[in-house]
Structure formats: C-alpha cells, structure tokens
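Data block below; observations after.
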Amino acid sequence: MNTGLTPRKTTFPMTGQGKTNKHRRRRNLRVLITGGAGFIGSNFTNLLLKSKAGYRVTVFDAMTYASNPKTMRSFARFKNFRFIKGDIRNPGQIAAAVKNADIVVNFAAETHVDRSILEPGIFADTNVKGVVNLLDAAKKYGIKKFIQISTDEVYGSVAKGKSKE
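Following the working numbering, the numbering of the sequence shown begins with 15 at its first residue and continues without gaps.
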C-alpha cells in the first residue's frame, strides 16, 4: 500500500546529481554562462564542467576587473568548454552566442556599490540594457530556460553593527 510517504530521489539536473530518465535526456545540453569568468560564475562553470551530465559549456565574458583569466585558462582542459570574449551590451555579440545555446545563465553584471556611484552609466548599460539584449536574443532563438543571477548587493549596504552572521 502506497501511503504517499515513500521518499523520492532528489535530482539536481543542472549539476548532474541524481539519475532519472529526464536527466539522461539532458546530456549534451549547450549551456551559455554569461559572466562566467567572475567569482560566482566561474564556480558555477566549474560545477557544470565537472558534473556527469555532459553539459557543453560556453562562457561569454567581457574580462573586466571582476574576471579571472587564470580560471578560464584552467577550464581549457575540458573538451566540453568554450570561451567567447564579448560584452552583453553588444546585441550582435550576444545574439551570436545565444543562438548556439539551449540554456542561458546570466551572471554578467557590473558590481560593487561604490563603483556604481562613480560610474552609473556603465551599470545601467550592463545591468539593464545588457540583460534586455540577452532576453531579446533568448526570445528570438527560442531559449526555453533563462536563469538570471543576482547578488546581495541588490539590498544595499548593511549598517555597522546590524549584521548577524
């Protein structure tokens, strides 16, 4: 008798953990990771490259102050890795990259609140217009899964003495 209390196997399809028929169909999916040379994006890229799911990973990154070229060079050993130097503010560059993807994960962003005060234009161009470029390309090429990543900086600075970590 099934009581409905039977434990289910947990599957994390983007990391290749767990095994289901649905998971097997996901092998060789082409994942475009914008901003994949930054701290969080490169860790996610590493996770996908080392997973058993067989994702074909393309990192699209402008290689700015927040990027780590050494990490990108270390990923070159993976046969399922490709790197494109580009900027999400450029609709043509991003469209060409999105065209060859099944999934888009966007980590690309200008960060650091202090820098946003000094250079608000580049923040708006990248974090708003750049994302619009990505969404337009995803719509044009029928991308079924678009994952937008953010940071804690969307909440602003924590006042001194207010953090409980």
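By construction, the Cβ of each residue, glycine as well, lies at the ideal position given by its N, Cα and C atoms.
Please look up how many angstroms separate the CB atoms of residue i and residue j, rounded, as I've assumed it's under 8 Å.
i: residue 111; j: residue 82; result: Not quite, the Cβ-Cβ distance comes to about 20 Å (not below 8 Å), so this is no contact.
i: residue 92; j: residue 63; result: 5 Å
i: residue 162; j: residue 120; result: 5 Å
i: residue 68; j: residue 94; result: 7 Å
i: residue 44; j: residue 109; result: Between residue 109 and residue 44 the Cβ distance is about 15 Å, and since that is not below 8 Å, they are no contact.
What residue range does the beta strand (DSSP E) around residue i cover?
i: residue 143; result: No beta strand (DSSP E) holds residue 143; DSSP gives it neither H nor E.
i: residue 160; result: 159-162
Closer than 8 Å by C-beta to residue i: which residues in its own chain qualify, once you throw out the five before and the five after it? Chain order, please.
i: residue 152; result: 112, 118, 160
i: residue 133; result: 124
Report yes if the C-beta of residue i is less than 7 Å from at least one heavy atom of the ligand NAP; otherwise report no.
i: residue 92; result: With respect to the ligand NAP, the structure shown offers nothing to examine, as it has no ligands at all.
With DSSP as the reference, label residue i as helix, strand or coil.
i: residue 47; result: strand
i: residue 99; result: strand
i: residue 129; result: helix
i: residue 116; result: coil
i: residue 74; result: strand
i: residue 80; result: coil
i: residue 87; result: helix
i: residue 167; result: helix
i: residue 185; result: No information on residue 185 is available, as it lies outside the stretch 15 to 179 that the chain covers here.
i: residue 153; result: helix
i: residue 111; result: helix
Can you tell which of the options has the C-alpha that lies nearest to the C-alpha of residue i?
i: residue 90; options: 70, 106, 79, 80; result: 70
i: residue 96; options: 169, 59, 174; result: 59
i: residue 169; options: 109, 127, 147, 144; result: 127
i: residue 61; options: 79, 78, 85; result: 85
i: residue 167; options: 55, 87, 130, 145; result: 130
i: residue 73; options: 99, 138, 147; result: 99
i: residue 80; options: 53, 146, 88; result: 53
i: residue 164; options: 88, 42, 145, 135; result: 145
What residue range is occupied by the uninterrupted alpha helix (DSSP H) comprising residue i?
i: residue 137; result: 134-138
i: residue 57; result: 53-64
Who are the near neighbours of residue i in its chain, counting only those whose CB is closer than 7 Å to its CB and skipping five residues on each side?
i: residue 123; result: 49, 140, 141
i: residue 101; result: 76, 107
Going along the chain, which residues of its own chain have a beta-carbon closer than 6 Å to the beta-carbon of residue i, five neighbours each way excluded?
i: residue 155; result: 112, 113
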